[in-house]
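Please read the structure below before turning to the comments.
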Amino acid sequence: MPGVDHCLQEAMAIPGAVGASLVDYTTGFPIAMTGAAPNSDHKAAAAGTADVVQAATSRSLFVSAVPHDLLEDLIITTTGGYHLLRMVHTDFDSRLVLYVWLDRAQGNLAVARRRMQKLADELVAT
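Numbered by the numbering used here, the letters in the sequence shown go through residues 1112 to 1237 in order.
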């Protein structure tokens, strides 16, 4: 998959980035990963990412009032960090999510979210 390594390298350049991965959220399979993962387990983090995305996409609670509105991202905050999940929308199946774990003291949530949007868009363009 061209562009994946570059995408993750750029994700790790986001201030405060601790780890990053690209996950197939239909299977929980990590396509690529770099840096650290919660509990030092990239596979478990990928499976957890998939669970969160599937929960958000399958529940009417999160449905938008706008017809055909798409989920863009999910943000989970903890006292020590931010977990950002950015959907990678493609023309064919949109099964990928870009996951970045940020250290809360060093990261900037707004900056990270904007950078992830750009990275997801660039990944689709490659």
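Where is the CB? At the ideal position from N, CA and C, for every residue including glycine.
Using CA coordinates, which residue listed in Ala1176, His1179, Val1129 is at the minimum distance from Ala1156?
The shortest Cα separation from Ala1156 among Ala1176, His1179, Val1129 belongs to Val1129.
Chain-order list of residues whose beta-carbon lies under 6 Å from that of Ile1186 (same chain, five-residue window excluded):
Leu1195
Ordered along the chain, which non-local residues of its own chain (more than five positions away) have a Cβ less than 7 Å from that of Gly1146?
Met1123, Ala1128, Val1129, Gly1130, Ala1131
Met1227 versus Tyr1136 - alpha carbon distance
If you take the alpha carbons of Met1227 and Tyr1136, they lie about 17 Å apart.
Nearest-angstrom Cα separation, counted from Thr1168 out to Gly1114:
Approximately 26 Å, taken between the alpha carbons.
When DSSP labels each residue in this structure, what does Val1134 get in the three-state scheme?
strand
What are the boundary residues of the beta strand (DSSP E) that Asp1184 is part of?
1184-1188
Could you have a look at Leu1181 and say whether DSSP puts it in helix, strand or coil?
coil
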